[in-house]
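Using the UniProt record's numbering, the first residue of the sequence shown is number 1, and each one after it goes up by one.
Note that beta-carbon positions come from the ideal geometry of N, C-alpha and C, so glycine has one too.
Here the structure is laid out as structure tokens; the discussion comes afterwards.
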Amino acid sequence: MRDAKYDILFEPLAIGPHVAKNRFYQVPHCNGGGYRDPSAAAAMRGVKSEGGWGVIFTEQTEMHHTSEITPFIELRLWEDKDIPGLRRMSDAMKVHGALAGIQLAYSGINGPNFYTKEVPLAPSALPIRTFTNDPVQARALDRTDIRDLRRWFVNAAKRSKIAGFDLICLYGAHGFGIFQHFLSRATNQRTDEYGGSLENRSRFAREVVADIRDAVGDTTAITMRVSLDETIGELGFSNAEVREFVEMNADLPDLWDLAHGAWEDCSGPSRFKEEGAQEILVKGIRELSTRPVVGVGRFTSPDVMARMIRQGILDFIGCARPSIADPFLPRKIEEGRIEDIRECIGCNMCITGDMTMSISRCTQNPTFMEEWRKGWHPERMNEKGESQTVLVVGAGPAGLEATRALALRGYDVTLAEASTTLGGRVARERLLPGLSAWGRVVDYRQYQISQRTNVETYFDSRLTAEDVLAFGFEHVAIATGSHWRRDGVARQHVVPMPIDAAMTIWTPDDIMGKVHPENLAGKTVVVYDDDHYYMGGVMAEVMAKAGATVILVTPSAYVSDWTRNTLEQGAIHVRLDDLGVDIRLNRGVTAIRAGQVETNCTYTGRRKAIACDAVLMVASRLSEDALYNDLLARQGDWADAGIKSVKIIGDAAAPAPIAWATYAGHRYARELDTPDIGDALPFRREVTQLEPA
């Protein structure tokens, strides 16, 4: 039974001609599937409907072929043949009473049209703005083009209605939507009736909404997603102008969907954005219109959600990442199971699926995007197989998730951990600057395991192969993790680099283990980052805060290069610059000598020496697989010991981000005691239908 203080979250509210059953609103979000994996995306949204969301939206849906964002894989509604795939999604959304919404996007200044080869169209003739600085420019829409574009929106709206959607979101936020391009003076430099004053810059939005109302407004609600503040200076669409725009067009849409600035601003990771970080920007806008307002802010706390509604700041709680981490978040609040919520950790691993044009992952929810492909449900496991007992060695993210999921299937699980704490790498990394939220990976699983009577946990248990063979478990999962290398082997060096023993070498493990002096004032530390995810930047931050003069050397053109996929690369660079870190890009390390590091230009090979007192090596990691290898060497003894299988999982098998580890643990638990599929694919996929030759 839910706590009465959350009742306000379950009050119905009208959006145009429809009524949302509660205030939980899954705002549009990408998933890496799009037009390539329609059934996978549909099943993912369907699970959210089952989980109690009142409103569920698609991701960005390209509504016309003259504006597309290849290579990114989003949905498409270019012609009638796109309708069936979208209908499958809307049907799935509505099975449990949610309203189904589609976000219609015309990307304008953000659409390079690499696939269709059409000339991009935008309010003004400017270079295309994409993540990769594509060398393409847009042509300014003339009046005929604008009339055509209005008609295309109507065509897309009609198709959306046929596809079964209750709501249409007109995308004008994050710099990605044509409506923002018209509203912003940075992208609208027109001198006709569509440019200049805010009233003129609002004209296109008013016309499109009126057109769609005439076409489908009696049965379909219209929402408008606008940017709360472009944060790009005087030319940008500022928060003050947003408020003026809403007040000027108070009842234009049936709902105002408010999202901060660029995508990096709106969906910044927990390292740089707290829960509800957009509150100050959205506060007071609801009072400017009679229409309901939805806002976002990586809401994970039911108390914060209820406060936002109670104080009249928002009418709906907009969630993307929290709805991915736990599709059943609304139902768990309703059932009084707050402690069972898998809270989003704000790592943005889900976003990397879109950025890398692959199927998305979630660190907290390994079943995300596997609902259709593998038949995985976030709250239900498959039935237990014929075996009874499993030993899991290692209580890092892979071991914890395997233990939790195996216990749910009904196995008797013993978890053996060599240290005195649960969590493995997460237990250490959560103490680093900005990473405290990542501890939820451990906290959620620790609590869930504590509720199971079929799990026994043993600490200070560093096991040998002899120990494992003597226990008599039927299955053994080795999840012993990994450690950072100190010899420089990574991408630049595939064999150990020359290192003088006289130089002090630290790894991230040393720093997390506090083996370095706490006060490094007067010392110069070179941080060598050939890992390119978050750790190099975090280590430089730790060293700088300890008082060291820090020089970060990386062969990449960017600090923490891969974090461009998690929308935090720019923020990392700014933070390190603010801390006084000397950033040296496009430089490798050729040798480490007593008192100096020899670096080289990755292009010319020219070498320079850097005098320093220590080197912090952020290269690659080595799997802790000795126990697994020892057991393999004694495979002939397994049968006598009652062992049916031994499998290595997570970082012990191959080091990777934490999401890979939780996925590996979950997959192990799902597949234990299941039939051998041989060479068949372990997931379902959809293949493009051939048109007649």
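Considering just the uninterrupted stretch of the beta strand (DSSP E) at Pro-48, what are its terminal residues?
Rather than Pro, the amino acid found at residue 48 in this sequence is Lys. Looking at the DSSP string, Lys-48 is not in any beta strand (DSSP E); the run it does join, the alpha helix (DSSP H), is 38 to 50.
For Asn-239 and Pro-675, I'd like the C-alpha separation in whole angstroms.
58 Å
Buried or exposed, going by whether 16 or more other CB atoms sit within 10 Å of the CB of Asn-31?
buried
What residue ranges within the stretch 185 to 272 form continuous alpha helix (DSSP H) runs of no fewer than 4 residues, ordered along the chain?
198 to 201, 203 to 216, 239 to 248 and 263 to 266
Give the DSSP-derived three-state secondary structure of Ala-548 in the structure shown.
coil
Is the beta carbon of Pro-38 less than 9 Å from the beta carbon of Leu-75?
yes
Out of curiosity, what's the CA-to-CA distance linking Gln-689 and Gly-295?
39 Å
Closest by CA to Lys-5, which one among Ser-301, Pro-120, Leu-167 and Thr-231?
Ser-301
From Leu-579 to Ala-548, what does the alpha carbon distance come to, in whole angstroms?
10 Å
Rounded C-alpha distance that separates Met-180 from Ile-610
According to the sequence shown, residue 180 is Gln rather than Met. Roughly 47 Å separates the two Cα atoms.
Please say whether Leu-9 and Val-55 have beta carbons closer to each other than 9 Å?
no
Buried or exposed for Cys-350, going by 16 or more other Cβ atoms inside 10 Å?
buried
Excluding the five sequence neighbours on either side, which residues of its own chain have a C-beta within less than 8 Å of the C-beta of Thr-356, listed in chain order?
Gly-32 and Asn-565
Use the C-beta contact count for Gln-388: other C-beta atoms within 10 angstroms, 16 or more gives buried, fewer gives exposed.
exposed
Contact the stretch 472 to 481 vs the stretch 390 to 409: 3+ CB pairs below 8 Å:
yes
Which residues bound the alpha helix (DSSP H) around Lys-332?
329 to 334
The ligand SAH heavy atom lying under 8 Å from the CB of Asn-110
This structure simply doesn't include the ligand SAH, nor any ligand for that matter.
Secondary structure at Arg-428, three-state DSSP: helix, strand or coil?
helix
DSSP puts Met-617 in a beta bridge; with which residues?
Tyr-528
Just the Cα atoms here: how many angstroms apart are Thr-414 and Ala-407?
10 Å
Is Arg-607 buried or exposed, if buried means 16 or more other CB atoms sit within 10 Å of its CB?
exposed
Sequence-distant residues of the same chain with beta carbon closer than 6 Å to Trp-152, five excluded per side:
His-64
Between which two residues does the beta strand (DSSP E) holding Leu-167 run?
167 to 172
Where does Gly-636 fall in DSSP's three states?
helix
Determine the direct distance from the alpha carbon of Ile-168 to that of Ser-197, and round the result to whole angstroms.
27 Å
Minimum C-alpha distance to Ser-358 - residue among Leu-422, Ala-20 and Thr-70:
Thr-70
Cβ-based neighbour list, Pro-127, same chain, cut-off 6 Å, excluding 5 preceding and 5 following:
Gln-137
Would you tell me roughly how many angstroms separate the C-alpha atoms of Thr-590 and Val-553, rounded to the nearest one?
12 Å
Segment limits, beta strand (DSSP E) that includes Lys-608:
607 to 611
DSSP state of Phe-299 mapped onto helix, strand, coil
coil
So if DSSP puts Lys-647 in a beta bridge, which residue, or which two residues, is it bridged to?
Ala-477
What residues are listed by DSSP as bridge partners for Gly-101?
Phe-57 and Leu-167
Mind checking Val-618: buried by the 16 CB within 10 Å criterion, or exposed?
buried
Leaving out five residues on either side along the sequence, give the residues of the same chain with a beta carbon under 7 Å from the beta carbon of Ala-427.
Thr-421 and Val-442
Figure out for me which residue from Ile-449, Thr-363, Arg-430 and Gly-424 has the closest Cα to the Cα of Arg-404.
Ile-449
Per DSSP, Cys-601 forms a beta bridge with which residues?
Arg-587
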